[in-house]
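Novice:
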Amino acid sequence: MSTSEPAIETSAVTKEYGDVRAVDSLDLTVKHGETYGFLGPNGAGKSTTIGL
């Protein structure tokens, strides 16, 4: 495992529940050793994003 490679990387991730789009085109790169938090109001898709 190289530290120059991302620990987590997503590109255009989308999650839908029927007609409701919970996550829309998420691009995310997290490097080794970085810490991220997801902030937002209820129903914003935070738990859905973490679950992906």
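The sequence shown lines up with residues 112 to 163 when you count with my numbering. Note that the Cβ used here is the ideal one computed from N, Cα and C, for glycine as well. Quick caveat: nothing in here was measured; it's all calculated off a predicted structure.
What residue ranges within the region 120 to 156 form continuous beta strand (DSSP E) runs of no fewer than 3 residues, ordered along the chain?
Specialist: 131 to 141
Novice: Just checking my contact of Leu163 with Val134 at CB under 8 angstroms: how many whole Å lie between their CB atoms?
Specialist: Sure, about 7 angstroms apart at Cβ, within 8 angstroms.
Novice: Can the beta-carbon of Leu139 be found closer than 8 angstroms to that of Ile119?
Specialist: With respect to Ile119, Leu139 sits close: the two C-beta atoms are nearer than 8 angstroms.
Novice: Nearest to Pro117 by alpha carbon, out of Gly151, Gly148, Leu150, Val141?
Specialist: Of the listed residues, the one whose Cα sits closest to Pro117 is Val141.
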